[in-house]
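Numbering (this note's numbering), first residue to last: 60 to 244. No residue lacks a Cβ here, since even glycine has one placed at the ideal position from N, Cα and C.
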């Protein structure tokens, strides 16, 4: 993640007005020789970092475990949230219900997930990992954690990581509270 993005996230964490950040961050960024931070630059850095990290994680998980990042995310969510429904996965990941259901279908075909009747509501189904799904998820978790430590943890000091994590958490919470980016269907 770039210095520009980290500095803006730090400012956001401390509750600064985002429009005032552009003026204030320039002085803070000058020690690195970076260009002035703009909201457009932060957006670009954030999106490009996410894309590069996700693409590389796809390759690592495919090579090591025969799955991609989206499959790992679904499997780990189900491991950590027993009794989840397709709608729960869709909401958490900001993905359409139809696409989520198709993704779960692919995991079912591979024998890693099963749909079981919901005892509290006969009209809905709950999702659970199979034994092989749980084993795969746990093995892939080690690979995932190593990847995060190498690609994110090794590029930031612990204080930077904490500040960026808090700032991104605040941004995500604001987006979710305002219903921003919720897919239809």
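Contact check for residue 234 against residue 195 fails: the beta carbons are separated by 8 Å or more. Buried is the label assigned to residue 159, since at least 16 other Cβ atoms lie within 10 Å of its Cβ. If you compare the alpha carbons of 95, 183, 200, 184 with that of residue 139, the shortest gap goes to 200.
By the neighbour-count criterion, in which a residue is buried when 16 or more other Cβ atoms sit within 10 angstroms of its Cβ, residue 192 is buried. Excluding five sequence positions before and after residue 124, the CB atoms of its chain that fall closer than 7 Å to its own CB belong to 195, 198, 199, 202, given in chain order. Per DSSP, residue 176 is one residue of the beta strand (DSSP E) stretching across 172-177.
In the structure shown, residue 94 adopts coil according to DSSP, grouped into three states.
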